[in-house]
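Heads up, the sequence shown is in UniProt numbering, so the first residue is 1 and it goes up one at a time. Please read the structure below before turning to the comments.
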Amino acid sequence: MMQAVERYFEAFNAGDTPGMLDCLSDDVAHHVNEGKIRHGKDLFAEFCAHMSRCYREELTDLVIFSAANGSRAAAEYMVNGTYLATDAGLPEARGQSYRLPAGSFFHLHDGKITRVTTYYNLADWVRQVS
């Protein structure tokens, strides 16, 4: 089960949205730091397209933890990014760099990720790009 999470992060860092989608169940629940829960791969893909337009990010210092039965995993990492295009309701983008700690939590079933929850400190990000 950990392989799905490892592949997910490898695909993220490669900018490979189809690779990320391949790690997800069709009915994945995507819990973002701010906003509504997105259900299904189509909404996840839309989210990724939006993020790729507004941000360029690489995750480093990645540590993945997993439950003994393989049904859950968590990851801690640093987000190293560039703010490319202004995102609605957020400060104006001018190519600012940012670095902030973040974490993700996963549910897994039959080798696929069924839930992704991501957390980071939005106020810290806003402070860095303002």
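For glycine and all other residues, C-beta sits at the position ideal for the given N, C-alpha and C.
**Message:** Let me check you understand the geometry: is the CB of Val129 closer than 7 Å to at least one non-hydrogen atom of the ligand SAM?
**Reply:** As far as ligands go, the structure on display features none, and thus does not contain the ligand SAM.
**Request:** Just grab the DSSP bridge partners of Phe12 for me.
**Result:** Here residue 12 is taken as the residue at index 12 of the sequence shown, counted from 1. Here Phe12 is not bridged, per DSSP, to any residue.
**Message:** Could you check whether the stretch 29-38 touches the stretch 53-65, counting it as contact only if at least three pairs of C-beta atoms, one from each stretch, sit closer than 8 Å?
**Reply:** Judged by Cβ distances under 8 Å, the stretch 29-38 makes no contact with the stretch 53-65, as fewer than three pairs qualify.
**Request:** Counting only the same chain and skipping the five closest in sequence on each side, list residues whose C-beta sits under 6 Å from that of Cys48.
**Result:** For the purposes of this step, residue 48 is taken as residue 48 along the sequence shown, with counting starting at 1. Apart from sequence neighbours up to five positions away, the residues of its chain that approach Cys48 with a beta-carbon distance below 6 Å are Thr17, ordered along the chain.
**Request:** With DSSP collapsed to three states, give me the class of Arg94.
**Result:** Residue 94 sits at position 94 when you count from the first residue of the sequence shown. Arg94 falls in the coil class under three-state DSSP.
**Request:** Would you be able to state if there are at least three C-beta pairs under 8 Å between the stretch 58-73 and the stretch 88-97?
**Result:** Because the criterion of three Cβ pairs below 8 Å is not met, the stretch 88-97 and the stretch 58-73 do not touch.
**Prompt:** DSSP puts Met78 in a beta bridge; with which residues?
**Reply:** Counted from its first residue, the sequence shown places residue 78 at position 78. Residue pairing by DSSP places Met78 opposite Thr60 and Pro101 in a beta bridge.
**Three-state secondary structure (DSSP) of Lys41** = Within the sequence shown, the letter at position 41 stands for residue 41. DSSP, reduced to helix, strand and coil, places Lys41 within a helical segment of the structure shown.
**Asked** Smallest Cα separation from residue 132: which of Thr118, Val79 and Tyr119?
**Response** Outside the modelled stretch of the chain, which goes from 1 to 130, sits residue 132, for which no answer is possible.
**Item:** Identified DSSP bridge partners for Ser66
**Value:** The count along the sequence shown starts at 1 and reaches residue 66 at position 66. Ser66 pairs with Ala73.
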